[in-house]
Amino acid sequence: MTSPRPDSAGPDVAGAAPARKKLFIRTWGCQMNVYDSTRMADVLAPLGYGPAETPEEADMVILNTCHIREKASEKVFSDLGRLRQLKEEKAGGGQKMVLAVAGCVAQAEGAEITARAPWVDIVLGPQTYHRLPEMVARASRAAGAQIDTDFPVEQKFDLLPEVRANQGPVAFLTIQEGCDKFCSFCVVPYTRGAEFSRPVAAILAEAKRLVAGGAREIALLGQNVNAWHGEAPDGSSWTLSRLLYALAEIEGLARLRYTTSHPRDMDEALIQAHGRIPQLMPFLHLPVQSGSDKVLAAMNRGHKAELFYRIADQLREARPDMALSSDFIVGHPGETAADHAATMALVEKVGFALAYSFKYSPRPGTPAAGQPFQVPEAEKDARLQELQALLRRQQDDFNRACVGREVEILWTGAGRHPGQIAGRTPWLQPVHAMGPAALAGRMARVRLTAAHPNSLSAVLLDEKELTPA
Ligand code: SAH
Ligand code: SF4
Ligand code: F3S
250 MTSPRPDSAG PDVAGAAPAR KKLFIRTWGC QMNVYDSTRM ADVLAPLGYG
300 PAETPEEADM VILNTCHIRE KASEKVFSDL GRLRQLKEEK AGGGQKMVLA
350 VAGCVAQAEG AEITARAPWV DIVLGPQTYH RLPEMVARAS RAAGAQIDTD
400 FPVEQKFDLL PEVRANQGPV AFLTIQEGCD KFCSFCVVPY TRGAEFSRPV
450 AAILAEAKRL VAGGAREIAL LGQNVNAWHG EAPDGSSWTL SRLLYALAEI
500 EGLARLRYTT SHPRDMDEAL IQAHGRIPQL MPFLHLPVQS GSDKVLAAMN
550 RGHKAELFYR IADQLREARP DMALSSDFIV GHPGETAADH AATMALVEKV
600 GFALAYSFKY SPRPGTPAAG QPFQVPEAEK DARLQELQAL LRRQQDDFNR
650 ACVGREVEIL WTGAGRHPGQ IAGRTPWLQP VHAMGPAALA GRMARVRLTA
700 AHPNSLSAVL LDEKELTPA
């Protein structure tokens, strides 16, 4: 659930309300989109929209989209084709269904969406979700699509209603949005706009509300979350480490994470915080993209492989059980076999507990898309396979090395089999054990007993935890 993989379908989220109408939200992309989907549901709840299980039973469908790779964008258009049919069937039965496209495809391709899919009622970019109610009202009256893809980023957070407190044991909290880094391959600076940091007071208030509503773990979110620098009530500017120390003071908050970070913004104080804040989990997603200095320069990443090695060493020095996760792109324009070998060498040397790797996908309007020396598809395939085999091996090794350890688990809900509960280890691995459902939302110690490809089995250790509070 807290996987940072940007190209996977996220959970479908909808708001809780005494529902007169039903809302279905399908979420693609990163955790920012998952967070935004919960916020859109919050915005629409006062209008009487409650959650729908399927698009078929919904009065409104929102596709919250991702533009990061070509495949991600194309999924939206195939979904829109299916929804057209549904909308027409409903109209035949006298029922109106409002169809909205939100997220990064809406931002980047708003005009194309309305041209290719004129049955879409609303197109709205990630910064305009607070205007949803108004757009829904207009869409129900007017013919033709309502489009809003402005960039008033401060307003988004100021004008959205307070976050609903009861998100469950693991909650997301967006503290930063947008990106000024302009990596050669990436659409995010164009779809999410310039970097914006939410102020300290708003973040602390939201965190407290989440904890009061049952959150035991908070994952701070941002496209460049470690570049966050928020204004404090006294007018000074805080960095992320300072914020983490403040959040760690909140009673009842057992775990803290933050994602996604950029190596350039991993300052000394933040690295040291990993050794000093027990609530800060020993797991960090830190995308490196490539191990070749030449490719890193072509990508405009602004650092060399050496910096990544140094950060990995320092993090492990600060917190010896630290595990790392990362993102990789193979086949960036100009990447040679030797550059790829440098990426393989970086992976060998650093060792990752988890990683996401992608074939370079040219994105319209980004600098890399127009560059010569595009790597042939077959070569990209071969490099990706080689890299993924190594990363898979490292993930398996890491999971196997966890077997026998005694660790604390945050239980999130029922497991797949009767009598089972499911949760996450400090390193974000899904774990399941036999135990009472009443443990959901609580912590309990286990011994990890077996490693499977994507999860771990465990046995509960602490009998007293088995009595519900
Ligand atoms: N802000 C984060 C991640 C943003 S997007 C960072 O700075 O790293 C998530 C991941 O998608 C990136 O880390 C990158 O590995 C991948 N990605 C982004 N654009 C891509 C493209 N054009 N082709 C392939 N993968 C891409
Ligand atoms: Fe994209 Fe680079 Fe910004 Fe990450 S840092 S969001 S990869 S431009
Ligand atoms: Fe995708 Fe936009 Fe996130 S492009 S990865 S949904 S910021």
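In short: position in the sequence shown from 1, add 249, done, that's my numbering.
Each residue gets a CB set at the ideal place from its N, CA and C atoms; glycine is no exception.
beta-carbon residue i near the ligand SAH non-hydrogen atom, thresh 7 Å
i      : result
Gly536 : The question names Gly, yet the displayed sequence has Pro at residue 536. Checking the Cβ of Pro536 against the ligand SAH gives yes.
His511 : yes
Asp630 : no
Cys428 : yes
Asp370 : no
Ser610 : yes
Phe326 : no
Asp576 : yes
Phe607 : yes
Alpha-carbon spacing of residue i relative to residue j, whole angstroms
i      : j      : result
Thr377 : Phe431 : 22 Å
Val708 : Met289 : 39 Å
Ala497 : Pro531 : 15 Å
Glu338 : Ala650 : 54 Å
Pro527 : Pro675 : 11 Å
Asn475 : Leu573 : 15 Å
Ala718 : Ala294 : Confidence at Ala718 is low in this model, with a pLDDT of 42, below 50, so the placement of that residue is unreliable and no value is reported for it.
Met571 : Leu533 : 8 Å
Leu502 : Glu466 : 6 Å
Gly690 : Val460 : 11 Å
Arg632 : Gly580 : 8 Å
Arg491 : Asp483 : 14 Å
Met515 : Pro616 : 26 Å
Met548 : Arg269 : 49 Å
Gly653 : Leu505 : 24 Å
Ser510 : Gln344 : 45 Å
Met309 : Met346 : 5 Å
Pro667 : Ala602 : 29 Å
Val385 : Ala351 : 13 Å
Tyr284 : Glu455 : 13 Å
Ser322 : Ala587 : 31 Å
Glu555 : Asp370 : 50 Å
Pro382 : Ser704 : 41 Å
Own chain, CB closer than 7 Å to residue i, minus 5 neighbours either side, in chain order
i      : result
Gln521 : Ala567
Gly664 : Ile670, Ala671 and His681
Glu480 : Pro448, Val449 and Ser486
Lys324 : Trp277
Lys457 : Ile499
Lys553 : Asp542 and Leu545
Leu564 : Ile520, His523, Leu533 and Met571
Arg254 : Bear in mind that the predicted position of Arg254 carries a pLDDT of just 41, short of 50, making it unreliable; the figure below should be weighed with that in mind. So the list reads Tyr605, once near-sequence residues are dropped.
Ala443 : Gly427 and Asp429
Arg513 : Gly551 and His552
Own chain partners of residue i with C-beta closer than 6 Å, once the 5 adjacent residues on each side are dropped
i      : result
Thr440 : His316, Cys353, Gln356 and Ala357
Val599 : Ala561
Leu688 : Trp660 and Ile670
Ile396 : Gly359 and Val372
Ala420 : Leu459, Ala464 and Ile467
Ile452 : Ile424
Leu469 : Leu422, Ile424 and Tyr507
Glu657 : Met692 and Arg694
Gln620 : Pro582
Any non-hydrogen atom of the ligand F3S within 7 Å of residue i CB
i      : result
Thr440 : yes
Cys279 : yes
Ile317 : yes
Val436 : yes
Gly352 : yes
Asn282 : yes
Run of the beta strand (DSSP E) containing residue i, from where it starts to where it stops
i      : result
Leu661 : It should be noted that the sequence gives Thr, not Leu, for residue 661. Thr661 -> beta strand (DSSP E) spans Glu655 to Ala663.
Leu705 : Leu705 to Leu709
Ser490 : Not the beta strand (DSSP E): Ser490 falls in the alpha helix (DSSP H), residues Leu489 to Leu496.
Lys608 : Leu603 to Lys608
Sequence-distant residues of its chain with Cβ nearer than 8 Å to residue i (five each side left out)
i      : result
Ser257 : Residue placement at Ser257 is flagged as unreliable, the pLDDT there being 37, under the threshold of 50; a coordinate-derived value is accordingly withheld.
Glu597 : Leu639
heavy atom of the ligand SF4 below 7 Å from residue i C-beta
i      : result
Phe431 : yes
Asn769 : The structure shown does not extend to residue 769, since the chain spans only 250 to 718, so no value can be given for it.
Endpoints, the alpha helix (DSSP H) within which residue i is located
i      : result
Gly417 : Neither: Gly417 is in no alpha helix (DSSP H) and is coded neither H nor E.
Thr363 : Gly352 to Arg365
Glu455 : Val449 to Ala461
Ala631 : Glu626 to Cys651
Gln280 : Gln280 to Leu293
Gln395 : Premise fails: Gln395 lies in the beta strand (DSSP E), Gln395 to Asp397, not in any alpha helix (DSSP H).
Near the ligand FMN: residue i beta-carbon under 7 Å from a heavy atom
i      : result
Thr398 : What this structure holds is the ligand SAH, the ligand SF4 and the ligand F3S, not the ligand FMN.
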